[in-house]
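Inspection log for the structure reproduced underneath, given as C-alpha coordinates.
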Amino acid sequence: MRLRKIGLGAGVLLASAGLMLSTAQSATAAPESTPDTAPVAASAEGGGDVSPYIVGGRRASQTYDFMASLQSSGRHFCGGSLIRSDWVVTAKHCIQGQSPGGFQVRVGSTRYDSGGTLVGTSRVVPGSGDIALVQLSQSVGQTPIDIADAGTSAGTETRLIGFGQTCATRGGCGASRDLMEIDVSVQASGCTANFDPNTELCLGGVPRAGACYGDSGGPSVVQEGGEWRLTGATSRAGRGQPTCGQAPAIYMKVPAYRSWINGVVGDDDDDDNPPPEGCEGVPAWQAGDSYRIGDVVAHNGHRWEAIWYPGGAEPGDPTSWAVWEDLGPC
(Lines of atoms letter the chains of each structure in order from A and count residues from 1; the text may use other names and numbers.)
(Lines give C-alpha, C1' and ligand atoms only; values in the text may rest on other atoms or scores of the structure.)
Protein backbone atom coordinates (compact mmCIF):
# COMPACT_ATOMS: atom_id res chain seq x y z
CA MET A 1 0.00 0.00 0.00
CA ARG A 2 1.37 3.38 -0.96
CA LEU A 3 0.80 5.99 1.72
CA ARG A 4 -1.48 7.90 -0.61
CA LYS A 5 -3.99 10.65 -0.11
CA ILE A 6 -6.08 12.12 2.64
CA GLY A 7 -9.08 14.34 2.07
CA LEU A 8 -8.92 17.66 3.86
CA GLY A 9 -12.20 19.51 3.69
CA ALA A 10 -15.08 19.24 1.26
CA GLY A 11 -14.12 18.45 -2.27
CA VAL A 12 -10.40 18.49 -1.59
CA LEU A 13 -8.36 15.33 -2.16
CA LEU A 14 -4.74 16.09 -1.53
CA ALA A 15 -1.81 14.13 -2.88
CA SER A 16 -0.52 13.48 0.59
CA ALA A 17 0.98 10.48 2.10
CA GLY A 18 3.58 10.11 4.46
CA LEU A 19 4.89 10.32 7.74
CA MET A 20 2.72 10.49 10.69
CA LEU A 21 5.38 10.22 13.42
CA SER A 22 2.63 8.42 15.27
CA THR A 23 1.49 5.21 16.83
CA ALA A 24 -1.19 2.64 16.36
CA GLN A 25 -2.66 3.20 19.84
CA SER A 26 -3.43 6.02 22.27
CA ALA A 27 -0.75 7.33 24.62
CA THR A 28 -0.99 7.10 28.38
CA ALA A 29 2.42 8.33 29.57
CA ALA A 30 2.97 12.04 30.17
CA PRO A 31 5.15 13.81 27.62
CA GLU A 32 8.28 15.73 28.52
CA SER A 33 7.59 19.10 30.10
CA THR A 34 10.04 21.21 28.12
CA PRO A 35 8.52 23.80 25.78
CA ASP A 36 9.76 21.97 22.69
CA THR A 37 8.10 18.69 23.61
CA ALA A 38 5.04 19.76 25.56
CA PRO A 39 1.75 18.25 24.36
CA VAL A 40 -0.21 20.26 21.87
CA ALA A 41 -3.68 19.71 20.45
CA ALA A 42 -3.07 19.72 16.73
CA SER A 43 -6.39 20.31 15.00
CA ALA A 44 -7.57 17.85 12.40
CA GLU A 45 -8.85 19.33 9.18
CA GLY A 46 -12.53 18.60 8.86
CA GLY A 47 -13.37 18.91 12.55
CA GLY A 48 -12.27 17.65 15.93
CA ASP A 49 -8.91 17.48 17.64
CA VAL A 50 -6.33 14.79 17.16
CA SER A 51 -4.47 13.10 19.97
CA PRO A 52 -2.66 15.81 21.98
CA TYR A 53 0.71 14.13 21.69
CA ILE A 54 2.37 11.33 19.74
CA VAL A 55 3.75 8.15 21.30
CA GLY A 56 7.26 7.57 20.01
CA GLY A 57 7.32 11.04 18.49
CA ARG A 58 7.31 14.60 19.70
CA ARG A 59 6.79 18.15 18.61
CA ALA A 60 9.83 19.44 16.70
CA SER A 61 12.67 20.27 19.07
CA GLN A 62 14.04 22.93 16.72
CA THR A 63 13.31 24.84 13.54
CA TYR A 64 14.53 22.91 10.51
CA ASP A 65 15.28 25.55 7.90
CA PHE A 66 15.15 22.97 5.12
CA MET A 67 11.74 21.51 6.00
CA ALA A 68 9.18 22.14 3.27
CA SER A 69 5.40 21.80 3.26
CA LEU A 70 3.74 21.41 -0.15
CA GLN A 71 0.34 23.08 -0.03
CA SER A 72 -2.82 23.45 -2.06
CA SER A 73 -5.33 26.15 -1.07
CA GLY A 74 -3.41 26.64 2.17
CA ARG A 75 -3.57 22.98 3.17
CA HIS A 76 -0.57 20.72 3.57
CA PHE A 77 -0.50 17.67 1.32
CA CYS A 78 3.14 16.52 1.23
CA GLY A 79 6.54 17.22 2.72
CA GLY A 80 9.84 17.99 1.10
CA SER A 81 13.40 19.17 1.72
CA LEU A 82 15.07 22.38 0.54
CA ILE A 83 18.31 21.30 -1.19
CA ARG A 84 19.06 24.56 -3.02
CA SER A 85 17.73 28.06 -2.39
CA ASP A 86 15.08 27.46 -5.07
CA TRP A 87 14.77 23.66 -5.26
CA VAL A 88 12.92 21.12 -3.10
CA VAL A 89 13.17 17.33 -3.30
CA THR A 90 10.00 15.33 -2.58
CA ALA A 91 8.24 12.10 -3.62
CA LYS A 92 7.15 11.71 -7.23
CA HIS A 93 3.66 10.58 -6.31
CA CYS A 94 3.24 13.91 -4.49
CA ILE A 95 3.50 15.93 -7.69
CA GLN A 96 1.66 13.63 -10.08
CA GLY A 97 -1.36 15.54 -11.28
CA GLN A 98 0.11 18.82 -10.03
CA SER A 99 1.00 21.56 -12.49
CA PRO A 100 3.82 24.09 -11.98
CA GLY A 101 2.33 27.13 -10.35
CA GLY A 102 -0.66 25.14 -9.14
CA PHE A 103 0.61 24.72 -5.59
CA GLN A 104 2.80 26.51 -3.06
CA VAL A 105 5.60 25.56 -0.70
CA ARG A 106 6.18 26.84 2.84
CA VAL A 107 9.81 26.50 3.90
CA GLY A 108 11.46 26.68 7.31
CA SER A 109 8.54 26.71 9.75
CA THR A 110 7.41 24.48 12.61
CA ARG A 111 3.80 25.11 11.55
CA TYR A 112 2.45 24.48 8.09
CA ASP A 113 -0.04 27.35 8.30
CA SER A 114 2.29 30.18 9.35
CA GLY A 115 5.91 31.27 9.61
CA GLY A 116 8.85 30.55 7.37
CA THR A 117 8.59 31.56 3.72
CA LEU A 118 5.59 30.80 1.52
CA VAL A 119 6.50 30.75 -2.16
CA GLY A 120 5.03 29.59 -5.45
CA THR A 121 6.36 26.90 -7.76
CA SER A 122 7.56 27.14 -11.35
CA ARG A 123 8.66 23.63 -12.39
CA VAL A 124 8.27 19.99 -11.42
CA VAL A 125 10.77 17.33 -12.51
CA PRO A 126 9.88 13.67 -11.82
CA GLY A 127 12.71 11.16 -11.40
CA SER A 128 12.97 7.52 -12.35
CA GLY A 129 11.87 6.29 -8.90
CA ASP A 130 9.41 7.74 -6.40
CA ILE A 131 11.39 10.96 -6.24
CA ALA A 132 10.88 14.39 -7.77
CA LEU A 133 12.24 17.91 -7.74
CA VAL A 134 10.19 21.08 -7.40
CA GLN A 135 11.62 24.43 -8.48
CA LEU A 136 10.39 27.40 -6.48
CA SER A 137 9.26 30.57 -8.21
CA GLN A 138 11.99 32.46 -6.36
CA SER A 139 14.89 31.75 -4.03
CA VAL A 140 14.22 31.69 -0.29
CA GLY A 141 16.44 32.81 2.56
CA GLN A 142 16.35 29.55 4.50
CA THR A 143 19.47 27.36 4.59
CA PRO A 144 19.25 24.27 2.35
CA ILE A 145 20.26 20.85 3.62
CA ASP A 146 23.17 18.96 2.07
CA ILE A 147 22.72 15.40 0.87
CA ALA A 148 24.42 12.92 3.19
CA ASP A 149 27.67 11.20 2.29
CA ALA A 150 26.81 8.26 4.55
CA GLY A 151 24.05 7.35 6.98
CA THR A 152 22.29 4.69 4.93
CA SER A 153 23.77 1.53 6.48
CA ALA A 154 21.77 -0.71 8.83
CA GLY A 155 21.61 0.55 12.39
CA THR A 156 22.22 4.21 11.58
CA GLU A 157 20.25 6.51 13.89
CA THR A 158 17.93 8.62 11.77
CA ARG A 159 15.41 11.37 12.43
CA LEU A 160 12.09 11.60 10.58
CA ILE A 161 10.33 14.96 10.32
CA GLY A 162 6.86 15.80 9.12
CA PHE A 163 3.39 17.29 9.39
CA GLY A 164 1.60 13.95 8.95
CA GLN A 165 -1.66 12.90 10.55
CA THR A 166 -1.46 11.96 14.21
CA CYS A 167 -3.62 8.84 14.27
CA ALA A 168 -2.90 5.41 12.89
CA THR A 169 -6.02 4.85 10.79
CA ARG A 170 -6.25 6.39 7.35
CA GLY A 171 -8.61 9.36 7.34
CA GLY A 172 -9.05 9.27 11.10
CA CYS A 173 -7.65 12.77 11.47
CA GLY A 174 -5.98 15.49 9.45
CA ALA A 175 -2.43 16.72 9.10
CA SER A 176 -0.73 18.05 12.22
CA ARG A 177 -0.35 21.82 12.10
CA ASP A 178 2.78 21.45 14.25
CA LEU A 179 5.93 19.87 12.88
CA MET A 180 6.69 16.51 14.48
CA GLU A 181 9.86 14.44 14.76
CA ILE A 182 10.80 10.92 15.75
CA ASP A 183 14.13 9.11 16.04
CA VAL A 184 14.34 5.72 14.38
CA SER A 185 17.08 3.70 12.67
CA VAL A 186 17.90 2.10 9.34
CA GLN A 187 16.52 -1.45 9.35
CA ALA A 188 18.28 -4.41 7.74
CA SER A 189 14.92 -6.13 7.23
CA GLY A 190 11.21 -5.52 7.66
CA CYS A 191 10.38 -3.80 4.37
CA THR A 192 8.88 -6.15 1.79
CA ALA A 193 6.72 -3.92 -0.44
CA ASN A 194 8.89 -4.23 -3.58
CA PHE A 195 11.79 -2.85 -1.57
CA ASP A 196 14.98 -2.00 -3.49
CA PRO A 197 17.96 -1.58 -1.12
CA ASN A 198 19.97 0.16 -3.82
CA THR A 199 17.63 3.12 -4.08
CA GLU A 200 15.50 2.91 -0.93
CA LEU A 201 15.81 2.95 2.85
CA CYS A 202 13.86 0.89 5.38
CA LEU A 203 13.35 3.09 8.44
CA GLY A 204 11.72 2.15 11.73
CA GLY A 205 12.51 0.19 14.86
CA VAL A 206 10.22 2.05 17.28
CA PRO A 207 7.31 -0.20 18.35
CA ARG A 208 3.88 0.98 17.21
CA ALA A 209 5.27 4.23 15.82
CA GLY A 210 6.59 5.59 12.57
CA ALA A 211 5.54 6.79 9.14
CA CYS A 212 1.95 7.30 8.04
CA TYR A 213 -0.45 9.32 5.91
CA GLY A 214 0.26 13.02 5.65
CA ASP A 215 3.90 13.66 4.80
CA SER A 216 5.11 11.75 1.77
CA GLY A 217 8.22 13.36 0.39
CA GLY A 218 9.29 14.55 3.84
CA PRO A 219 12.87 14.11 5.05
CA SER A 220 14.86 11.54 6.91
CA VAL A 221 18.07 13.06 8.23
CA VAL A 222 21.26 12.07 10.05
CA GLN A 223 23.96 13.97 11.89
CA GLU A 224 27.29 14.47 10.09
CA GLY A 225 29.84 16.72 11.74
CA GLY A 226 27.21 18.30 13.93
CA GLU A 227 24.98 19.19 10.98
CA TRP A 228 21.82 17.58 9.64
CA ARG A 229 22.27 15.78 6.33
CA LEU A 230 19.51 14.43 4.09
CA THR A 231 19.23 10.67 3.54
CA GLY A 232 15.65 10.05 2.44
CA ALA A 233 12.24 11.16 1.21
CA THR A 234 9.13 9.35 2.46
CA SER A 235 7.68 6.95 -0.11
CA ARG A 236 5.35 4.23 1.23
CA ALA A 237 4.48 1.68 3.90
CA GLY A 238 7.11 -1.00 4.33
CA ARG A 239 4.74 -3.95 4.09
CA GLY A 240 1.77 -2.39 2.37
CA GLN A 241 -0.15 -2.27 5.64
CA PRO A 242 -3.13 0.13 5.82
CA THR A 243 -2.69 0.90 9.54
CA CYS A 244 0.31 3.00 10.50
CA GLY A 245 2.96 1.97 12.99
CA GLN A 246 2.79 -1.74 12.18
CA ALA A 247 6.07 -1.94 10.24
CA PRO A 248 8.96 0.23 9.05
CA ALA A 249 8.45 2.73 6.25
CA ILE A 250 10.20 2.93 2.90
CA TYR A 251 12.05 6.12 2.01
CA MET A 252 13.74 6.96 -1.27
CA LYS A 253 17.52 6.92 -0.72
CA VAL A 254 18.34 10.48 -1.79
CA PRO A 255 22.15 9.96 -2.00
CA ALA A 256 21.52 7.32 -4.68
CA TYR A 257 19.99 10.07 -6.83
CA ARG A 258 22.74 12.63 -6.26
CA SER A 259 23.97 12.65 -9.87
CA TRP A 260 20.44 13.05 -11.25
CA ILE A 261 19.72 15.86 -8.78
CA ASN A 262 22.94 17.67 -9.68
CA GLY A 263 22.07 17.31 -13.35
CA VAL A 264 18.77 19.10 -12.80
CA VAL A 265 19.56 21.72 -10.16
CA GLY A 266 23.30 22.25 -10.68
CA ASP A 267 26.32 20.80 -8.97
CA ASP A 268 26.78 23.46 -6.27
CA ASP A 269 30.57 23.00 -6.33
CA ASP A 270 30.47 19.28 -5.56
CA ASP A 271 33.75 18.16 -7.16
CA ASP A 272 33.06 14.50 -6.43
CA ASN A 273 29.88 14.59 -8.50
CA PRO A 274 30.48 16.72 -11.61
CA PRO A 275 27.42 17.79 -13.58
CA PRO A 276 26.54 15.59 -16.53
CA GLU A 277 27.63 16.44 -20.04
CA GLY A 278 25.17 17.84 -22.54
CA CYS A 279 22.83 15.82 -24.74
CA GLU A 280 24.92 16.14 -27.89
CA GLY A 281 23.96 13.59 -30.51
CA VAL A 282 20.52 12.92 -29.02
CA PRO A 283 17.69 14.58 -30.96
CA ALA A 284 15.69 17.09 -28.97
CA TRP A 285 12.03 16.31 -28.35
CA GLN A 286 9.73 18.34 -30.58
CA ALA A 287 6.08 18.82 -29.69
CA GLY A 288 4.90 18.41 -33.27
CA ASP A 289 6.95 15.33 -34.14
CA SER A 290 5.68 11.75 -34.23
CA TYR A 291 7.54 9.15 -32.15
CA ARG A 292 7.49 5.37 -32.01
CA ILE A 293 8.29 2.86 -29.29
CA GLY A 294 12.05 2.76 -28.78
CA ASP A 295 12.75 6.32 -29.93
CA VAL A 296 15.16 8.22 -27.67
CA VAL A 297 15.03 12.00 -27.31
CA ALA A 298 16.61 14.71 -25.16
CA HIS A 299 14.43 17.03 -23.09
CA ASN A 300 15.19 19.23 -20.07
CA GLY A 301 18.69 17.78 -19.71
CA HIS A 302 17.58 14.14 -19.71
CA ARG A 303 17.36 11.31 -22.22
CA TRP A 304 13.93 9.75 -22.63
CA GLU A 305 12.89 6.53 -24.35
CA ALA A 306 9.39 6.01 -25.69
CA ILE A 307 8.04 2.83 -24.08
CA TRP A 308 4.61 3.30 -25.62
CA TYR A 309 3.20 5.38 -28.46
CA PRO A 310 3.61 8.88 -26.99
CA GLY A 311 1.44 10.90 -29.33
CA GLY A 312 1.94 14.48 -28.19
CA ALA A 313 2.90 13.60 -24.61
CA GLU A 314 5.84 15.60 -23.28
CA PRO A 315 8.71 13.71 -21.58
CA GLY A 316 8.68 14.43 -17.86
CA ASP A 317 5.01 15.37 -17.75
CA PRO A 318 3.68 13.62 -14.60
CA THR A 319 0.55 12.62 -16.49
CA SER A 320 2.59 10.84 -19.18
CA TRP A 321 5.09 8.93 -17.05
CA ALA A 322 3.95 5.57 -18.48
CA VAL A 323 4.74 6.74 -22.03
CA TRP A 324 8.30 8.02 -21.66
CA GLU A 325 10.97 6.35 -19.52
CA ASP A 326 13.60 8.63 -17.97
CA LEU A 327 17.04 7.27 -18.90
CA GLY A 328 18.75 9.81 -16.69
CA PRO A 329 20.73 13.00 -17.29
CA CYS A 330 22.91 13.23 -20.35
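When you line the sequence shown up against mature numbering (1 follows the signal peptide of the UniProt record, and there is no 0), it's residues -29 to -1, 1 to 301, in that order.
Think of the CB as a built atom: it goes at the ideal place given N, C-alpha and C, for glycine as much as any other residue.
- Between the alpha carbons of I153 and L131 lies a gap of roughly 5 angstroms.
- Of all C-beta pairs linking the region 219 to 237 to the region 275 to 287, fewer than three are shorter than 8 angstroms, placing the two stretches out of contact.
- Shown here, A31 sits in coil according to DSSP, grouped into three states, outside any helix or strand.
- For S261, there is no enclosing alpha helix (DSSP H), as DSSP marks it with neither H nor E.
- In terms of Cβ geometry, T92 and G72 form a close pair [threshold 8 angstroms].
- In the DSSP assignment, C49 falls outside any alpha helix (DSSP H) and within the unbroken beta strand (DSSP E) covering R46 to R55.
- Per DSSP, the unbroken beta strand (DSSP E) holding I153 starts and ends at M151 to V157.
- Ranked by Cα distance from A31, the first of L53, V59 and G79 is G79.
- Bounds of the alpha helix (DSSP H) holding C65 are K63 to I66.
- According to the DSSP secondary-structure assignment, Y222 is paired through a beta bridge with L172 and T205.
- Rounded to whole angstroms, the separation of the alpha carbons of T163 and V236 is 32 angstroms.
- In this chain, the beta strand (DSSP E) harbouring G133 covers E128 to G133.
- Listed in chain order, the non-local C-beta contacts of G86 below 7 angstroms within the same chain comprise S80, local neighbours out to five positions each way being set aside.
- Of all alpha-carbon atoms in G126, I102 and D297, the one lying nearest the alpha-carbon of S156 is that of G126.
- Residue pairing by DSSP places P190 opposite A204 in a beta bridge.
- The beta-carbon distance between P115 and I66, rounded to whole angstroms, is 19 angstroms. This is too long to meet the 8 angstroms contact definition.
- Per DSSP, G79 lies in no beta strand (DSSP E) and is assigned neither H nor E.
- As DSSP reads the structure, E285 sits in no beta bridge.
- Cβ neighbours of V253 within its own chain (closer than 7 angstroms, five residues either side excluded): V267, V268, A269, R274 and C301.
- Excluding five sequence positions before and after Y280, the CB atoms of its chain that fall closer than 8 angstroms to its own CB belong to Y262, R263, I264 and V294, given in chain order.
- In this structure, S230 is the residue among S230, A277 and I278 with its C-alpha nearest to the C-alpha of I118.
- When W58, F134 and R77 are compared, the shortest CA-CA separation from A103 is found for W58.
- Rounded to the nearest whole angstrom, the CA to CA distance from Y83 to Y228 is 27 angstroms.
- Here G100 carries a coil assignment [DSSP, helix/strand/coil].
- From the listed residues V90, G122 and T61, the smallest Cα separation to D101 is found for T61.
- The alpha-carbon separation between R94 and S70 amounts to approximately 8 angstroms.
- In this model, G133 and L150 are separated by some 6 angstroms (Cα to Cα).
- A residue is called buried once 16 or more other Cβ atoms fall within 10 Å of its Cβ, and S191 is buried on that count.
- In this structure, the beta-carbon distance from S44 to L201 does not fall below 8 angstroms.
- As DSSP reads the structure, D117 sits in a beta bridge with R200.
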